[in-house]
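Take a look at the structure set out below.
2 protein chains.
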Amino acid sequence: MNKKPKSGTNQAVVLDLDAVIATVDAEKPQVLLVSADGSDARPSLPSGPFDPEGDRTMEEGLRRWVEEQTGLTVGFVEQLYTFGDLFRDPDALAGGPRSISVGYVALIRQSAAKRPAGSDWFDWYRLFPWEDWRNGRPAVLNEVLKPKISSWIDEADNAKAKRARRGRADVAFGFSDAGWDADRVLERYELLYEAGLVAETVIDGRIKTRQNQSDAHAWTGLPLHQDHRRILATALGRLRGKIRYRPVIFEVMPIEFTLLQLQRAVEALTGAPLHKQNFRRLVAAEGLVEPTGRVSSETGGRPAELFSFRPDVVRERPAPGVRMPRGRRTK
Amino acid sequence: MNKKPKSGTNQAVVLDLDAVIATVDAEKPQVLLVSADGSDARPSLPSGPFDPEGDRTMEEGLRRWVEEQTGLTVGFVEQLYTFGDLFRDPDALAGGPRSISVGYVALIRQSAAKRPAGSDWFDWYRLFPWEDWRNGRPAVLNEVLKPKISSWIDEADNAKAKRARRGRADVAFGFSDAGWDADRVLERYELLYEAGLVAETVIDGRIKTRQNQSDAHAWTGLPLHQDHRRILATALGRLRGKIRYRPVIFEVMPIEFTLLQLQRAVEALTGAPLHKQNFRRLVAAEGLVEPTGRVSSETGGRPAELFSFRPDVVRERPAPGVRMPRGRRTK
DNA sequence: ACACTTATACTTATTTTGAGCATATGGGGG
DNA sequence: CCCCCATATGCTCAAAATAAGTATAAGTGT
Numbered sequence: 000m001n002k003k004p005k006s007g008t009n010q011a012v013v014l015d016l017d018a019v020i021a022t023v024d025a026e027k028p029q030v031l032l033v034s035a036d037g038s039d040a041r042p043s044l045p046s047g048p049f050d051p052e053g054d055r056t057m058e059e060g061l062r063r064w065v066e067e068q069t070g071l072t073v074g075f076v077e078q079l080y081t082f083g084d085l086f087r088d089p090d091a092l093a094g095g096p097r098s099i100s101v102g103y104v105a106l107i108r109q110s111a112a113k114r115p116a117g118s119d120w121f122d123w124y125r126l127f128p129w130e131d132w133r134n135g136r137p138a139v140l141n142e143v144l145k146p147k148i149s150s151w152i153d154e155a156d157n158a159k160a161k162r163a164r165r166g167r168a169d170v171a172f173g174f175s176d177a178g179w180d181a182d183r184v185l186e187r188y189e190l191l192y193e194a195g196l197v198a199e200t201v202i203d204g205r206i207k208t209r210q211n212q213s214d215a216h217a218w219t220g221l222p223l224h225q226d227h228r229r230i231l232a233t234a235l236g237r238l239r240g241k242i243r244y245r246p247v248i249f250e251v252m253p254i255e256f257t258l259l260q261l262q263r264a265v266e267a268l269t270g271a272p273l274h275k276q277n278f279r280r281l282v283a284a285e286g287l288v289e290p291t292g293r294v295s296s297e298t299g300g301r302p303a304e305l306f307s308f309r310p311d312v313v314r315e316r317p318a319p320g321v322r323m324p325r326g327r328r329t330k
Numbered sequence: 000m001n002k003k004p005k006s007g008t009n010q011a012v013v014l015d016l017d018a019v020i021a022t023v024d025a026e027k028p029q030v031l032l033v034s035a036d037g038s039d040a041r042p043s044l045p046s047g048p049f050d051p052e053g054d055r056t057m058e059e060g061l062r063r064w065v066e067e068q069t070g071l072t073v074g075f076v077e078q079l080y081t082f083g084d085l086f087r088d089p090d091a092l093a094g095g096p097r098s099i100s101v102g103y104v105a106l107i108r109q110s111a112a113k114r115p116a117g118s119d120w121f122d123w124y125r126l127f128p129w130e131d132w133r134n135g136r137p138a139v140l141n142e143v144l145k146p147k148i149s150s151w152i153d154e155a156d157n158a159k160a161k162r163a164r165r166g167r168a169d170v171a172f173g174f175s176d177a178g179w180d181a182d183r184v185l186e187r188y189e190l191l192y193e194a195g196l197v198a199e200t201v202i203d204g205r206i207k208t209r210q211n212q213s214d215a216h217a218w219t220g221l222p223l224h225q226d227h228r229r230i231l232a233t234a235l236g237r238l239r240g241k242i243r244y245r246p247v248i249f250e251v252m253p254i255e256f257t258l259l260q261l262q263r264a265v266e267a268l269t270g271a272p273l274h275k276q277n278f279r280r281l282v283a284a285e286g287l288v289e290p291t292g293r294v295s296s297e298t299g300g301r302p303a304e305l306f307s308f309r310p311d312v313v314r315e316r317p318a319p320g321v322r323m324p325r326g327r328r329t330k
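Heads up: the sequence lines are chains A and B, in that order.
Residue numbers for the first sequence follow numbering that gives the first Met the number 0, beginning at 0 and rising by one.
Residue numbers for the second sequence follow numbering that gives the first Met the number 0, beginning at 0 and rising by one.
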């Protein structure tokens, strides 16, 4: 339990701070990505160095470079996970310094969501097409992924490994009774990665890909630089979970909003459709919002009342968030 | 959005892997701490270096040194958080290399819980006395913490800051309608830290302590090395949350157990008492366990049936875990 | 046989959920 | 102006989940 580095080895690493900057705009979930330079290069997450001599905390460092580089001032920030696998970085494999990234999610309001130079807002489901259940079960699941996952299962070395693979797939993709669990974004991405079904797979050559160029991006989503899609999967899963017991959704909403807008934002992140009447009942019962007295007549039908977040709810409820069907057995 | 280090500064940091190794033994939640050497020194979390040249992944590195140093083989391992605040490490303030720790929780079964040399199992609630509600609201809350927190609130510079402090305290400690939220372990510890109510407060001298030596450890818990208690608070909060939707509790149970033992283990971690009949009904309804056919007559009364974890539950339920009263308004 | 202890089964009122129907209130076209 | 259309909002109702008991079972020790 000592901390002395083994003599003769270099223990130093370089820390990067990677940011998943997310919002919901026009009912679409969006994430900020840095456009690739080269022709076949992949977009990447905005990222900045951690400065051990200047930044008192990592979160401070993150806010600093996000502000410097994008001009965006982010509100809600949460640390996600620290990514340090060897194969995430080809340079380290080649003998360079080991690169470690601390991933963060940052949420930003629609109105503030201008487009910084060199980067673009991407629809989240361009990266994870199988995660969008707002219009029912995505076709890609049955038509593409399920059969390919089945082959991957069958290719396992022995019966035991096969069972293990099948079990993982059942749980992650809800092929069994459990049904689809929206929070398991990372498990799904990791399975697809291991099965060679996403374009990132081949970084370290350990796993052979089963992609062919034609269907690739349309079906299995836009590949990103290094392991950035894994970081995004972590972020989406975390947000989906958190939305249920913390009022994070309001971090992406404008100050005033209609209940339908709120519902659409929740649906955009969770990827699941919600029952309108029940949604408003739950939101009201939970005390999450209060009417502002104003109305919005942008929608065409009867004008909707405008609401705003009621911060006091956190003092009244132990776990204030958007209540949602828990065990939806949608297969 | 480039990653090039600023020239002239040293960007390298040293990564440690800190492990919260936890179990539940004889209905008591336990955590492994390394005994302090000096007389007034504080216990610390077991910790090992991350070896960028040897460890393919950080988790692998963690398992490696835990095995090497303690002889324990841990099962469930989950990354918690990466701690990098400047003031966590006095050496860095003095100009040494910046130290960053990646915290992990590892769970281990009771039976495997021998005592490695140089370390000891500590009851979790020796460190967080206010977190143990198994026998009702802990006395320390009203008798010690509440008044001291009140003074801290009153000492705020202006009315706005005062309101902010009160709001935080209300939420964290459930002084308002929301009641006690068992998951907010970290929020509570951080508030106590800022209020100078735990002995660790003074590391960087920014905040004055309001501890006096006599009541210190009995009331506000055993202080640990550096920010290790913060890491533990993170771990406890995370486990308490996770227990509800993932079958993690079985990672600390023996292979066979009675339903009451299971209940006691859950209570030990969540810190809340549960209704016995409902607990067993929920556990059964959730399909978490299956009878082994054997019975245990260690208890004195009617022998209890022995159960074991039913792994298939993860295929049947989207979020299998121990159902618990959600909004318990226990003030 | 009896007291005592713990385990387990069953009952009941209440709350929460899921789903749908009904009504309200605006705009626009005739 | 009136009717149609679209969306918003209010309300009902059955089913399921929950919280809190009461009752009964099955061992041990005297």
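By construction, the Cβ of each residue, glycine as well, lies at the ideal position given by its N, Cα and C atoms.
Spell out whether any CB of chain A is found under 8 Å from the CB atom of residue i.
i: Glu315 (chain B); result: yes
i: Ser307 (chain B); result: no
i: Arg55 (chain B); result: yes
i: Tyr80 (chain B); result: yes
i: Gly83 (chain B); result: yes
i: Gly270 (chain B); result: no
i: Ala217 (chain B); result: no
i: Trp101 (chain B); result: One detail in the question is off: residue 101 (chain B) reads as Val in this sequence, not Trp. Closer than 8 Å to some Cβ of chain A, the Cβ of Val101 (chain B) qualifies, so yes.
i: Ala163 (chain B); result: no
i: Ala158 (chain B); result: no
i: Ala284 (chain B); result: no
i: Ala155 (chain B); result: no
Which residues in chain A sit within 8 Å of residue i, going by Cβ to Cβ distance?
i: Ser175 (chain B); result: Arg314 and Glu315
Can you tell me whether residue i is helix, strand or coil according to DSSP?
i: Ala188 (chain B); result: One point to set straight first is that residue 188 (chain B) is Tyr, not Ala, in the sequence displayed. Helix.
i: Gln276 (chain A); result: helix
i: Asp176 (chain A); result: coil
i: Glu297 (chain B); result: coil
i: Val76 (chain B); result: strand
i: Leu16 (chain A); result: strand
i: Pro96 (chain A); result: coil
i: Glu289 (chain B); result: strand
i: Asp88 (chain B); result: coil
i: Ala21 (chain A); result: strand
i: Ala155 (chain A); result: coil
i: Ala283 (chain A); result: helix
Taking Cβ-Cβ distances shorter than 7 Å, what residues in chain A pair up with residue i?
i: Val170 (chain B); result: Val313 and Arg314
i: Asp180 (chain B); result: Pro317 and Ala318
So, does the CB of residue i fall closer than 8 Å to a CB anywhere in chain B?
i: Pro42 (chain A); result: no
i: Leu14 (chain A); result: yes
i: Gly340 (chain A); result: The question about residue 340 (chain A) has no answer here: the residues shown for chain A are numbered 0 through 330.
i: Ala318 (chain A); result: yes
i: Gly74 (chain A); result: no
i: Gly166 (chain A); result: yes
i: Ala35 (chain A); result: no
i: Ala21 (chain A); result: no
i: Ala11 (chain A); result: yes
Applying a beta-carbon distance threshold of less than 7 Å, which residues of chain B neighbour residue i?
i: Arg97 (chain A); result: Pro51
Please list the partners that residue i has in chain B, where partner means a Cβ-to-Cβ separation under 9 Å.
i: Ala93 (chain A); result: What Ala93 (chain A) touches in chain B: nothing, since even the nearest Cβ is about 13 Å away.
So which residues on chain B does residue i lean against when the C-beta distance must stay under 8 Å?
i: Ala267 (chain A); result: The contacting residues do not exist; Ala267 (chain A) stays about 20 Å from chain B at best.
i: Ala105 (chain A); result: Residues of chain B passing the Cβ test: none, with the nearest at roughly 14 Å.
Report yes if the C-beta of residue i is less than 7 Å from at least one heavy atom of the ligand FAD; otherwise report no.
i: Arg322 (chain A); result: Questions concerning the ligand FAD fall outside what the structure shown contains, since it holds no ligand whatsoever.
> Could you give the uninterrupted runs of the alpha helix (DSSP H) lying entirely in the stretch 103 to 150 of chain B, keeping only those of 4 residues or more?
Replying inline: 123 to 126
>> Quick check on the DSSP output: what are the complete beta strand (DSSP E) runs of length 3 or more inside the stretch 300 to 324 of chain A, in order along the chain?
In response: 303 to 308
> Which of the residues in the stretch 226 to 241 of chain A, read from start to end, lie with their CB under 7 Å from any CB of chain B?
Replying inline: none
>> So within the stretch 28 to 78 of chain A, which uninterrupted beta strand (DSSP E) runs reach at least 3 residues, ignoring any that extend past its ends?
In response: 46 to 48
>> If we require 4 or more residues per run, which alpha helix (DSSP H) segments fall completely within the stretch 231 to 269 of chain B?
In response: Entirely contained in the stretch 231 to 269 of chain B, the alpha helix (DSSP H) runs reaching 4 residues are, in chain order, 258 to 269.
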